[in-house]
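**Q**
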Amino acid sequence: MFTVAKKEISTYFKSPIAYILIGLFMLMISIMFYTPFSIGSGDFMPVLQNMGFFLIFLVPIMTMRILAEDRKNGTEVLLLTSPTSLTQIILGKFLAMYFVFLVITILSMIYPIINFAYGGVFTVQLVGGYIGFLLLGASFVAIGVFASAVTENQIVAAIISFVTLLIMWMADAFSTQVGGIIGTIMGWISLLSRYDIFTKGILGLPEIAYFILFTGLFIFLTIRVIERRRWIQG
Amino acid sequence: MIEIQNLTKKYGQIVAVNNISFNVNKGEIVGFLGPNGAGKSTTMNIITGYLPSTAGTVKVDGYDIMTHPAEVKKRIGYLPEAPPLYRDMTVTEYLKFVSNLNNVPKKNQKGQMADIMELVGLTDHRKRLINNLSKGYRQRVGLAQALIGNPEVLILDEPTVGLDPRQIIEIRRVIKALSQERTIILSSHILPEVSAICERVVIINKGIIAAEDTPERLSQGLDKALKLSLTIAGPKDSIIKAVKKIDGIKYMEASGKAGENAYKYILEGLSEEDIREKIFFAMAENGWPVLEMKPSVKTLEDIFISVVTKGQEVQ
Numbered sequence: 247m248f249t250v251a252k253k254e255i256s257t258y259f260k261s262p263i264a265y266i267l268i269g270l271f272m273l274m275i276s277i278m279f280y281t282p283f284s285i286g287s288g289d290f291m292p293v294l295q296n297m298g299f300f301l302i303f304l305v306p307i308m309t310m311r312i313l314a315e316d317r318k319n320g321t322e323v324l325l326l327t328s329p330t331s332l333t334q335i336i337l338g339k340f341l342a343m344y345f346v347f348l349v350i351t352i353l354s355m356i357y358p359i360i361n362f363a364y365g366g367v368f369t370v371q372l373v374g375g376y377i378g379f380l381l382l383g384a385s386f387v388a389i390g391v392f393a394s395a396v397t398e399n400q401i402v403a404a405i406i407s408f409v410t411l412l413i414m415w416m417a418d419a420f421s422t423q424v425g426g427i428i429g430t431i432m433g434w435i436s437l438l439s440r441y442d443i444f445t446k447g448i449l450g451l452p453e454i455a456y457f458i459l460f461t462g463l464f465i466f467l468t469i470r471v472i473e474r475r476r477w478i479q480g
Numbered sequence: 009m010i011e012i013q014n015l016t017k018k019y020g021q022i023v024a025v026n027n028i029s030f031n032v033n034k035g036e037i038v039g040f041l042g043p044n045g046a047g048k049s050t051t052m053n054i055i056t057g058y059l060p061s062t063a064g065t066v067k068v069d070g071y072d073i074m075t076h077p078a079e080v081k082k083r084i085g086y087l088p089e090a091p092p093l094y095r096d097m098t099v100t101e102y103l104k105f106v107s108n109l110n111n112v113p114k115k116n117q118k119g120q121m122a123d124i125m126e127l128v129g130l131t132d133h134r135k136r137l138i139n140n141l142s143k144g145y146r147q148r149v150g151l152a153q154a155l156i157g158n159p160e161v162l163i164l165d166e167p168t169v170g171l172d173p174r175q176i177i178e179i180r181r182v183i184k185a186l187s188q189e190r191t192i193i194l195s196s197h198i199l200p201e202v203s204a205i206c207e208r209v210v211i212i213n214k215g216i217i218a219a220e221d222t223p224e225r226l227s228q229g230l231d232k233a234l235k236l237s238l239t240i241a242g243p244k245d246s247i248i249k250a251v252k253k254i255d256g257i258k259y260m261e262a263s264g265k266a267g268e269n270a271y272k273y274i275l276e277g278l279s280e281e282d283i284r285e286k287i288f289f290a291m292a293e294n295g296w297p298v299l300e301m302k303p304s305v306k307t308l309e310d311i312f313i314s315v316v317t318k319g320q321e322v323q
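Protein chains in written order, with my numbering: chain G, 247 to 480; chain C, 9 to 323.
1) DSSP three-state label for Met-86(C), please.
2) Closer than 8 Å, Cβ to Cβ, to anything on chain C: give me those residues from the region 326-348 of chain G, in chain order.
3) Going by DSSP, which residues form a beta bridge with Val-213(C)?
4) In three-state terms, what does DSSP make of Thr-16(C)?
5) Give the residues from the region 255-283 of chain G that approach chain C closer than 9 Å (Cβ to any Cβ), ordered along the chain.
6) If we cut at 9 Å on Cβ distances, does Val-250(G) have a partner in chain C?
7) Please name the residue, chosen from Gln-147(C), Thr-131(C), Glu-220(C), Gly-85(C), that lies closest to Gly-42(C) on a Cα-to-Cα basis.
8) Given this structure, state the Cα-to-Cα distance separating Lys-18(C) from His-76(C), to the nearest angstrom.
9) In angstroms, rounded to a whole number, what distance separates the CA positions of Asn-110(C) and Phe-300(G)?
10) For a cutoff of 9 Å on Cβ pairs, would you count Leu-313(G) as touching chain C?
11) Can you pull the chain G neighbours of Leu-109(C), defined as C-beta to C-beta under 8 Å?
12) Spatial neighbours of Gln-323(C) within its chain, please: CB distance less than 6 Å, with the 5 preceding and 5 following residues excluded, ordered by chain position.
13) Thr-65(C) to Leu-137(C), Cα distance in whole Å?
14) What ranges does the beta strand (DSSP E) occupy inside the region 48-115 of chain C, keeping only unbroken runs of at least 3 residues that lie completely in it?
15) Just reading off the alpha helix (DSSP H) that Leu-451(G) is part of, what are its end residues?
16) Note down the Cα distance separating Met-9(C) from Leu-438(G), rounded to an integer number of angstroms.
17) Thinking Gly-35(C) and Val-209(C) are a contact (beta carbons under 8 Å), I'd like their distance in whole angstroms, please.
18) Using only CA atoms, which one of Lys-244(C), Leu-199(C), Lys-214(C), Asp-245(C) lies nearest to Leu-226(C)?
19) How is the beta strand (DSSP E) around Ser-263(C) delimited, first residue to last?
20) Is the shortest distance between the beta-carbon of Thr-321(G) and the beta-carbons of chain C less than 9 Å?
21) Jot down the residue ranges of each uninterrupted alpha helix (DSSP H) in the region 376-432 of chain G, minimum 4 residues, whole runs only, in chain order.
22) Can Gln-147(C) and Ile-179(C) be called in contact, C-beta distance under 9 Å?
23) What's the call for Arg-174(C), buried or exposed, on a 16-neighbour Cβ count within 10 Å?
24) First and last residue of the alpha helix (DSSP H) that includes Met-355(G)?
25) For Trp-415(G), which of Ser-385(G), Leu-267(G), Ile-275(G), Thr-351(G) has the nearest alpha-carbon?
26) Using the Cα positions of Phe-392(G) and Ile-84(C), report the straight-line distance between them to the nearest angstrom.
27) Apply the 10 Å Cβ neighbour rule to Met-355(G) and answer buried if 16 or more other Cβ atoms are within range, or exposed otherwise.
28) Cutting at 7 Å between CB atoms, please list the residues of its own chain near Lys-339(G), excluding the five before and the five after it.
29) Alpha carbons only, please: which of Phe-347(G), Ile-277(G), Phe-248(G) is nearest the one belonging to Tyr-265(G)?
30) For Lys-253(G), return the contacting residues in chain C, with the cut-off set at a CB-CB distance below 7 Å.
31) By alpha-carbon positions, which one of Phe-289(C), Ile-211(C), Val-251(C) ends up nearest to Pro-223(C)?
32) Could you tell me which chain C residues have their CB closer than 9 Å to the CB of Arg-475(G), listed as they occur along the chain?
33) By the DSSP assignment, the beta strand (DSSP E) with Thr-191(C) in it spans what residues?
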């Protein structure tokens, strides 16, 4: 598991993609951060909420190659015929992606620190918000890894995860508008409404459980998809 | 060591491997021969646990691939048709990753990698990016990868493809050396290769086993009658007449000119009886020098084609 994770992490930081993504993300946060900061507002929470939204664009690009590339290059054979089990391989891949996400998260903490330096106040919301952000990231990464397992085309993988994340992001708005069964289902998959709770500084146990289960479900589905494909194709 | 029983693999309606069974004994080196699309790679993919079979069992060292995949995978080193390489890694990084995947203990890794790189001739290239290596060297990295973890069984899918003639000879030597302590299945459509290294040949065509034997017995078994190719100087028609007087000749005919006054002939006997001496003296009597005389042995090529086409006739 850690073998695969280590290898993937080193692949990421050897290629330009990690740096481009991190750079872009930091640029977006900077812009979001600067406007309120320049007028003297020390509230970081709106920025944190927007960071969640940026993840919709960031994660698909980050995760698109993680499994699709192995399939395309034939290195999948190496992994699947090694004594390392498929579950360990997928968990390793997920952990690697989550590590890259963690790096981005840690880098983003520069902004609250700047806030403190200029008299910002340390709030419970900030801690809650970051915990929520970490959980949100886990479920996003899991969806991205899943999308990468569905296809051997990286672009297709990126589009699948982007659309999926976007729908889940908007599900909250839909559920109140549509109502009925569809509304209820949309409510179930709404990641945003649950993330919002964290940014209010509330650590809800059901919400924490929701994100963890959500992540676990998509990792499980990823394993199933690969397992199934082995049975039906050559 | 490897027991394959009634193995069948279907891709939807297409039957890639149809009910094949064969065993490979410990220490044996078996050649897997067949035209493109015969089911060689599919069979190998199933033995190594990359693909599940539709029906039938594969056992390696007594462990069934379906029920004990980890035990089987531990014992097999696999070089697929396209070497599974990460091009952004150096040779050493890559082999280290494979060592970890195969749970080679940390303290043994360095020594084992050094030995393997020496064996396949990669030592001088160990710090290079795989992306920058030539096809032949990538193939070597693929072979090195299969050897990591010191597996008892090696499955090599066309190991010499894309190599230059010198490298082919070298890789064959390596495989031959490896076969001392290992069980090897090797696929190829290059026939001399199989006859050069393998103790036994399994010919597979359209998903079924068409023939299975040692290369020697396969070449003998096909047609026992003596066959000669000759070059004799002298008048063509008289020579043929003179030779045909000898008992046990089925036919003889000129196959081409071999010089100003000499012709090439092919000759087939009625039985296995060696009539070369008789031919020599018959020619000597008439003063026609025999410039060349050699038995023409059926090559694996001939056998392969006849087995494969026979299969087509049946269908």
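Beta carbons: idealized from backbone N, C-alpha and C, even for Gly.
Remember, it's a predicted structure, so these values are computed and weren't measured experimentally.
**A** In brief:
1) In the sequence as presented, Met is not what sits at residue 86(C); that position holds Tyr. It is a strand residue.
2) Hits within the stretch, in order: Leu-326, Thr-327, Ser-328, Pro-329, Thr-330, Ser-331.
3) Position check: residue 213(C) holds Asn in this sequence, whereas Val was assumed. Paired residues: Ile-216(C).
4) Strand, per DSSP.
5) Ser-256, Thr-257, Lys-260, Ser-261
6) Yes, Val-250(G) counts as interfacial toward chain C.
7) Glu-220(C)
8) Their backbone Cα atoms lie some 22 Å apart in a straight line.
9) 39 Å
10) no
11) Thr-249, Val-250, Leu-324, Leu-325, Ser-328, Pro-329, Thr-330
12) Low confidence applies to Gln-323(C): its pLDDT is 41, below 50, so where it sits in the model is not reliable, and the reading given next is rough at best. Here the set comprises nothing.
13) 40 Å
14) 63-68, 84-87
15) 451-478
16) 57 Å
17) Contact flag wrong, Cβ pair sits at about 17 Å.
18) Leu-199(C)
19) Unbroken beta strand (DSSP E) run through Ser-263(C): 257-265.
20) Output row for Thr-321(G): interface = yes.
21) 400-424, all fully within the region 376-432 of chain G.
22) yes
23) exposed
24) Segment: none, Met-355(G) is in no alpha helix (DSSP H) and carries neither H nor E.
25) Ser-385(G)
26) 29 Å
27) Of the residues assessed, Met-355(G) falls on the exposed side of the cut-off, its CB having fewer than 16 other CB atoms within 10 angstroms.
28) Val-250, Glu-254, Ile-312, Leu-313, Val-391
29) Phe-347(G)
30) Proximity of chain C to Lys-253(G) at the Cβ level (cut-off 7 Å) is accounted for by Phe-105, in chain order.
31) Of the candidates Phe-289(C), Ile-211(C), Val-251(C), the one whose C-alpha sits nearest the C-alpha of Pro-223(C) is Ile-211(C).
32) Neighbours of Arg-475(G) on chain C: none; closest Cβ ~10 Å, over 9 Å.
33) 191-196
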